[in-house]
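S.K.: Protein chains in written order, with the numbering used here: chain B, 745 to 929; chain Z, 745 to 929.
Even glycine gets a Cβ: it sits at the ideal position worked out from N, Cα and C.
2 protein chains.
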Amino acid sequence: MAKTVAERADIVPVLAEIFREHGYEGASLATIGDRTGLGKGSLYHFFPGGKEEMAAAVLAEIDAWFEANIYRPLREATEPRAAVEAMCHSVTEYFHSGRRVCLVGAFALDNVRDRFANCIKDYFADWQESLAQALLRSGRNADDAADLAEESVSSIQGALVLARALGDASVFERAMDRIERRLLA
Amino acid sequence: MAKTVAERADIVPVLAEIFREHGYEGASLATIGDRTGLGKGSLYHFFPGGKEEMAAAVLAEIDAWFEANIYRPLREATEPRAAVEAMCHSVTEYFHSGRRVCLVGAFALDNVRDRFANCIKDYFADWQESLAQALLRSGRNADDAADLAEESVSSIQGALVLARALGDASVFERAMDRIERRLLA
DNA sequence: TACACAATTTACCTATTGGTACACTAGTAG
DNA sequence: CTACTAGTGTACCAATAGGTAAATTGTGTA
Numbered sequence: 745m746a747k748t749v750a751e752r753a754d755i756v757p758v759l760a761e762i763f764r765e766h767g768y769e770g771a772s773l774a775t776i777g778d779r780t781g782l783g784k785g786s787l788y789h790f791f792p793g794g795k796e797e798m799a800a801a802v803l804a805e806i807d808a809w810f811e812a813n814i815y816r817p818l819r820e821a822t823e824p825r826a827a828v829e830a831m832c833h834s835v836t837e838y839f840h841s842g843r844r845v846c847l848v849g850a851f852a853l854d855n856v857r858d859r860f861a862n863c864i865k866d867y868f869a870d871w872q873e874s875l876a877q878a879l880l881r882s883g884r885n886a887d888d889a890a891d892l893a894e895e896s897v898s899s900i901q902g903a904l905v906l907a908r909a910l911g912d913a914s915v916f917e918r919a920m921d922r923i924e925r926r927l928l929a
Numbered sequence: 745m746a747k748t749v750a751e752r753a754d755i756v757p758v759l760a761e762i763f764r765e766h767g768y769e770g771a772s773l774a775t776i777g778d779r780t781g782l783g784k785g786s787l788y789h790f791f792p793g794g795k796e797e798m799a800a801a802v803l804a805e806i807d808a809w810f811e812a813n814i815y816r817p818l819r820e821a822t823e824p825r826a827a828v829e830a831m832c833h834s835v836t837e838y839f840h841s842g843r844r845v846c847l848v849g850a851f852a853l854d855n856v857r858d859r860f861a862n863c864i865k866d867y868f869a870d871w872q873e874s875l876a877q878a879l880l881r882s883g884r885n886a887d888d889a890a891d892l893a894e895e896s897v898s899s900i901q902g903a904l905v906l907a908r909a910l911g912d913a914s915v916f917e918r919a920m921d922r923i924e925r926r927l928l929a
């Protein structure tokens, strides 16, 4: 009998992909069980809070990833312009050039927004603030930096929506080019 | 016994609001029954295809509204710059300054995207094309017009996501100002 | 006045939902 | 060798899901 012991850390990325594909309501425990290869027993062992805790864990991991790979580099870069450039490339890679949905953005439009309002808000607020900080240190004034950061974060989300709606990844790539050009101008 | 006869045309806007609030999967027939004040019998009388037909009807009505109020004016305007300006105002009003979600955008991020792929695609393609046409006739070259139109449509969606995520309508208003300025530059 | 038909109510159906209870297995520490 | 524990599998649960069937109501028209 295969006992193949699992770990929480291995499950969360799978959960993330499931929520991305099906949304919160659309991701049933049956689907989750199939895709993770875990029975309900194991699932509720790792996530006693059920689906809600699973989604929270996914959001926490996403936040940790962005903190480590996007926000902190932007905040702490000695070379802010290079950090901005690096952000653009990381983002393009992370979202598979627009073929991958932003789970936080999707949750924001869904009715689960209320349940995870804080996570969702922080995700975008942190992004905007860290980017604004890098722009500030690259020589812009505070107002321009804040405005440009807000526009960029917003545009990335819009490009993800449009790319997916049109089924055309090039929409996202064009948007990222525009954003990078404008950030470095 | 109150018989209060209903009409399909009266129901669709209510359905639209329900789908906006709860998403496709999240909008149960129970909720729909409550909010419309109609039993399942009436609902299936008007929409024999069930939930899917209800959503399709909503998307069709949205498309018709945009065709009449946004796309056609852009395409047929004798004064294209004024039409672009009018579009910006209509859009701001339609989305309640970012407090109201774009159902088509939300569906695009959801897993129901596949089911309504054509509607969703057309909505954005038509918007982009009609806007590009107005820009073209306002004196821009074809490439600039197409690019700027794509960027604008994309930015509107992004602004809706971000405004809702942050619970801050001013994000949307700033975005619309930027877009209008750039379109009329 | 009676017919036809649109609209509605009510009752019912099966599958699935998220969640619980609990017995069980396999390592591991003493 | 034994006791403990993290992880697993199975069976079960009430509630709800979307959907169906048919009897009933009212209303405009001939």
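1. Three or more C-beta pairs closer than 8 Å, one from the stretch 831-842 of chain B and one from the stretch 813-823 of chain B: is that the case here?
2. Among Z:761, Z:929 and Z:848, which one has its Cα closest to the Cα of residue 866 of chain Z?
3. Restricting to Cα atoms, I'd like to know which of B:750, B:825 and B:850 is closest to residue 762 of chain B.
4. Are the C-beta of residue 921 of chain B and some C-beta of chain Z separated by less than 8 Å?
5. Answer yes or no: do residue 872 of chain Z and residue 852 of chain Z have a C-beta to C-beta separation smaller than 8 Å?
6. For the stretch 777-786 of chain Z and the stretch 799-807 of chain Z, state whether three or more C-beta atom pairs, one from each stretch, are separated by less than 8 Å.
7. Can you list, in chain order, the residues of its chain with a C-beta nearer than 6 Å to that of residue 846 of chain Z? Leave out the 5 residues immediately preceding and following it.
8. Give, in chain order, every residue of the stretch 885-905 of chain Z whose Cβ lies closer than 9 Å to some Cβ of chain B.
9. Whose Cβ in chain Z lies nearer than 8 Å to the Cβ of residue 868 of chain B?
10. Measure from the alpha carbon of residue 757 of chain B to the alpha carbon of each residue in B:818, B:779 and B:901, then state which is nearest.
11. What first and last residue would you give for the alpha helix (DSSP H) that runs through residue 916 of chain Z?
12. Quick one: list the residues of chain Z neighbouring residue 845 of chain B, beta-carbon separation under 8 Å, in chain order.
13. For a contact defined as C-beta to C-beta under 9 Å, what are the partners of residue 823 of chain B on chain Z?
14. Just checking my contact of residue 769 of chain Z with residue 769 of chain B at CB under 8 Å: how many whole Å lie between their CB atoms?
15. Hey, residue 928 of chain Z and residue 896 of chain Z: beta-carbon distance below 8 Å or not?
16. What whole-angstrom Cβ distance do residue 787 of chain Z and residue 878 of chain Z have, given they're in contact under 8 Å?
17. How big is the Cα-Cα spacing for residue 884 of chain Z and residue 876 of chain Z?
18. Cβ closer than 7 Å: which chain Z residues qualify as neighbours of residue 795 of chain B?
19. To the nearest angstrom, how far is the alpha carbon of residue 925 of chain Z from that of residue 750 of chain B?
20. Suppose you measure from the CA of residue 801 of chain Z to the CA of residue 754 of chain B; what does that come to, to the nearest Å?
21. Tell me which residue opens and which closes the alpha helix (DSSP H) that residue 790 of chain B is part of.
22. When the distance is taken between beta carbons, is residue 902 of chain Z closer than 8 Å to residue 772 of chain B?
23. My parser needs the alpha helix (DSSP H) runs of 4 or more residues fully inside the stretch 831-858 of chain B; what are they?
24. Buried or exposed, going by whether 16 or more other CB atoms sit within 10 Å of the CB of residue 908 of chain B?
25. Return the CA-CA distance between residue 870 of chain B and residue 759 of chain B, expressed in angstroms with no decimal places.
26. Helix, strand or coil: how does DSSP classify residue 983 of chain B here?
27. Please go through the stretch 850-901 of chain B and give each complete alpha helix (DSSP H) segment of 4 or more residues, from N-terminal end onward.
28. Could you tell me whether any Cβ in chain Z is nearer than 8 Å to the Cβ of residue 808 of chain B?
29. Would you decide whether residue 799 of chain B is buried or exposed? Buried here means 16 or more other CB atoms lie within 10 Å of its CB.
30. Taking only three categories from DSSP, how would you classify residue 821 of chain B?
31. For residue 906 of chain Z, which option in Z:874, Z:843 and Z:868 has the closest C-alpha, if you only look at C-alpha atoms?
32. Between residue 762 of chain Z and chain B, is the shortest Cβ-Cβ distance under 8 Å, so that the two count as touching?
33. Once the 5 residues before and after residue 880 of chain Z are set aside, which same chain residues still bring their CB inside 7 Å of it?
34. Any beta carbon of chain B sitting closer than 8 Å to that of residue 835 of chain Z?
35. How about residue 920 of chain B and residue 856 of chain B: are their beta carbons less than 8 Å apart?
M.R.: So, from the data block:
1. Short answer: they touch.
2. Distances from the alpha-carbon of residue 866 of chain Z to those of Z:761, Z:929 and Z:848 put Z:848 closest.
3. Nearest neighbour of residue 762 of chain B by Cα position, chosen from B:750, B:825 and B:850, turns out to be B:850.
4. It does not: the Cβ of residue 921 of chain B has no partner Cβ on chain Z nearer than 8 Å.
5. The criterion of a C-beta distance shorter than 8 Å is not satisfied by residue 872 of chain Z and residue 852 of chain Z.
6. Cβ pair count under 8 Å is below three, so no.
7. Here the set comprises 904.
8. Hits within the stretch, in order: 891, 894, 895, 897, 898, 899, 900, 901, 902, 903, 904 and 905.
9. 906, 909 and 910, listed in chain order.
10. The shortest C-alpha separation from residue 757 of chain B is found at B:779.
11. Element bounds for residue 916 of chain Z: 913-928.
12. By Cβ distance, chain Z contributes 853.
13. What residue 823 of chain B touches in chain Z: nothing, since even the nearest Cβ is about 28 Å away.
14. Residue 769 of chain Z to residue 769 of chain B, Cβ: 4 Å. Contact.
15. Judged by their CB atoms, residue 928 of chain Z and residue 896 of chain Z are not nearer to each other than the 8 Å cut-off.
16. No, residue 787 of chain Z and residue 878 of chain Z are not in contact; Cβ-Cβ is about 40 Å, not under 8 Å.
17. Put simply, the backbone Cα of residue 884 of chain Z is about 9 Å away from that of residue 876 of chain Z.
18. Near residue 795 of chain B there are no residues of chain Z at all, since even the closest Cβ is about 13 Å away, more than 7 Å.
19. For residue 925 of chain Z and residue 750 of chain B, the distance between alpha carbons rounds to 54 Å.
20. Their Cα atoms are separated by approximately 42 Å.
21. First-last of the alpha helix (DSSP H) with residue 790 of chain B: 784-790.
22. Not in contact: residue 772 of chain B and residue 902 of chain Z (Cβ atoms no closer than 8 Å).
23. You should have 847-853.
24. With 16 or more Cβ atoms within 10 Å of its Cβ, residue 908 of chain B is classed as buried.
25. Just so you know, the alpha carbons of residue 870 of chain B and residue 759 of chain B end up roughly 23 Å apart.
26. Because residue 983 of chain B is not part of the residues shown, which for chain B are 745 to 929, the question remains open.
27. The alpha helix (DSSP H) runs lying completely inside the stretch 850-901 of chain B and spanning 4 residues or more are 861-881, given in chain order.
28. Chain Z contact via Cβ: absent.
29. Burial call: buried.
30. Residue state, collapsed to three classes: coil.
31. Looking from the CA of residue 906 of chain Z, the closest CA among Z:874, Z:843 and Z:868 belongs to Z:843.
32. No, because no Cβ of chain B sits closer than 8 Å to the Cβ of residue 762 of chain Z.
33. Closer than 7 Å at Cβ, skipping near neighbours: 886 and 889.
34. Under the Cβ criterion of 8 Å, residue 835 of chain Z is not counted among the residues facing chain B.
35. Between residue 920 of chain B and residue 856 of chain B, the gap from beta carbon to beta carbon reaches 8 Å or more.
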